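A.B. asks: In this note's numbering, the protein residues as written are 61 to 221. Don't be surprised by glycine CBs; every beta carbon is placed ideally from N, CA and C. Given the structure is predicted, the values throughout are model-derived calculations rather than measurements. Before I ask anything, here is the structure I am working with.
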């Protein structure tokens, strides 16, 4: 995924040390109840759409922007699905990050799903009973977002990560 300029500037100062960063995941449904997925360039795997907010950017704005940038679909945010601190990760270049993920349920409002930038190999709508192979991260978010009226999920303070 493309690294935002502000993170490149931080990395110039911080090197590869751990950065605590916000992340936003958008789980987008169309009127048929299908979920929008993208096949990522960096891993070749199918996943939900996500990205890093620009400094000062609201999570809902990030979701709408990322969905459009990557898939050409315009969406509206409906609700917060979950908030979760993810486990630290180390990228192949040595960068070490940990994300606080805010996942939002979104509704497609216009646009035809297509590859719209250099972060996706493919984009498509999938029925919930015909999903491609997905990581647990994406499956859990889709499952929780599919529950239209569910409360926001968060990990309890005493739950292990």
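Is residue 138 closer than 7 Å to residue 165 when the C-beta atoms are compared?
C.D. replies: Yes, the Cβ-Cβ distance between residue 165 and residue 138 is below 7 Å.
A.B. asks: Tell me which residue opens and which closes the alpha helix (DSSP H) that residue 199 is part of.
C.D. replies: Unbroken alpha helix (DSSP H) run through residue 199: 196-206.
A.B. asks: Does the structure place the stretch 74-86 close enough to the stretch 180-194 that three or more beta carbon pairs sit under 8 Å?
C.D. replies: Result no; under three Cβ-Cβ pairs closer than 8 Å.
A.B. asks: Just to confirm the assignment: which complete alpha helix (DSSP H) runs, minimum length 4, are found wholly within the stretch 110-176?
C.D. replies: Here the runs fully enclosed are 119-131.
A.B. asks: Note down the Cα distance separating residue 174 from residue 129, rounded to an integer number of angstroms.
C.D. replies: The alpha-carbon atoms of residue 174 and residue 129 are separated by roughly 10 Å.
A.B. asks: Tell me the rounded alpha-carbon separation between residue 201 and residue 88.
C.D. replies: In a straight line, the C-alpha of residue 201 is about 11 Å away from that of residue 88.
A.B. asks: For the beta strand (DSSP E) containing residue 99, name the first residue and the last one.
C.D. replies: 95-100 is the span of the beta strand (DSSP E), which, as asked, contains residue 99.
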